[in-house]
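So the mapping is simple: the working numbering equals the position in the sequence shown, first residue as 1, plus 181. Heads up, the beta-carbon is just placed ideally off N, CA and C, and yes, glycines get one too. See structure below.
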Amino acid sequence: MTPLANLLNPESNSALYTTTVLNLYVDLPDTPLRTSVQDQQLAQRWFVTGVPLSVVEAALLLASLRRLCRPADVPPLPRVRSLAYFQPVIEELQANPIPEGYLGYLRLIPEGYLGYLRLKVRNLVDNADSANVQKSTFSDDR
182 MTPLANLLNP ESNSALYTTT VLNLYVDLPD TPLRTSVQDQ QLAQRWFVTG VPLSVVEAAL
242 LLASLRRLCR PADVPPLPRV RSLAYFQPVI EELQANPIPE GYLGYLRLIP EGYLGYLRLK
302 VRNLVDNADS ANVQKSTFSD DR
């Protein structure tokens, strides 16, 4: 890879890696609109320790899915307040990596498992948003 290409690769550029992680984080449901200094430091630590961006994204999406798929009869969880919330899921994925080509049919989805997780989160968020939209107060049976 050329030196210029290295600058544009988040896996080899600390600032780009950190920015990417923080953008993925704030784009999730139930996360803050802005990151904290501690969030930035944790993202930088993940870069230094060599946590692949794909593992970080998978952990963020997987933890979000777990939150979104909770039974309706349990009390809602409070909003996520820190990127550190996702650290245990990163450790889980590092200890038990998802095999390449996991669940054969996922190969049909662009970007495999990550694409699948993105799609699931998007569908759950879209469905939750439409369920929370206030119904019209006008009667249709005039």
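When DSSP labels each residue in this structure, what does residue 293 get in the three-state scheme?
-> Position 112 of the sequence shown holds residue 293. Helix, per DSSP.
Three-way DSSP call (helix, strand, coil) for residue 264 in this model | Within the sequence shown, residue 264 is the residue found at index 83, counting from 1. The answer is helix: DSSP assigns residue 264 an H, G or I state.
Write down the C-beta distance between residue 228 and residue 195 rounded to the nearest angstrom, noting that I regard them as a contact closer than 8 Å.
-> Your numbering for residue 228 matches position 47 in the sequence shown. Your numbering for residue 195 matches position 14 in the sequence shown. That pair is a contact at about 5 Å.
Residue 211 - containing alpha helix (DSSP H), residue span = By one-based count along the sequence shown, residue 211 stands at place 30. Run containing residue 211: none; DSSP gives neither H nor E here.
Extent of the continuous alpha helix (DSSP H) run through residue 236 = Taking the first residue of the sequence shown as position 1, residue 236 is located at position 55. Run containing residue 236: 234 to 249, per the alpha helix (DSSP H) assignment.
In angstroms with no decimal places, state the Cα-to-Cα distance between residue 230 and residue 189.
-> Along the sequence shown, read from residue 1 onward, the residue named residue 230 stands at position 49. Along the sequence shown, read from residue 1 onward, the residue named residue 189 stands at position 8. Rounded to whole angstroms, residue 230 to residue 189 spans 19 Å at the Cα level.
Cβ pair residue 202, residue 236 closer than 8 Å = By 1-based counting over the sequence shown, the position of residue 202 is 21. By 1-based counting over the sequence shown, the position of residue 236 is 55. It is not a contact, given that the beta carbons lie outside the stated cut-off.
The alpha helix (DSSP H) with residue 220 in it runs from where to where?
-> Here residue 220 is taken as the residue at index 39 of the sequence shown, counted from 1. Counting along the chain, the alpha helix (DSSP H) containing residue 220 begins and ends at 218 to 229.
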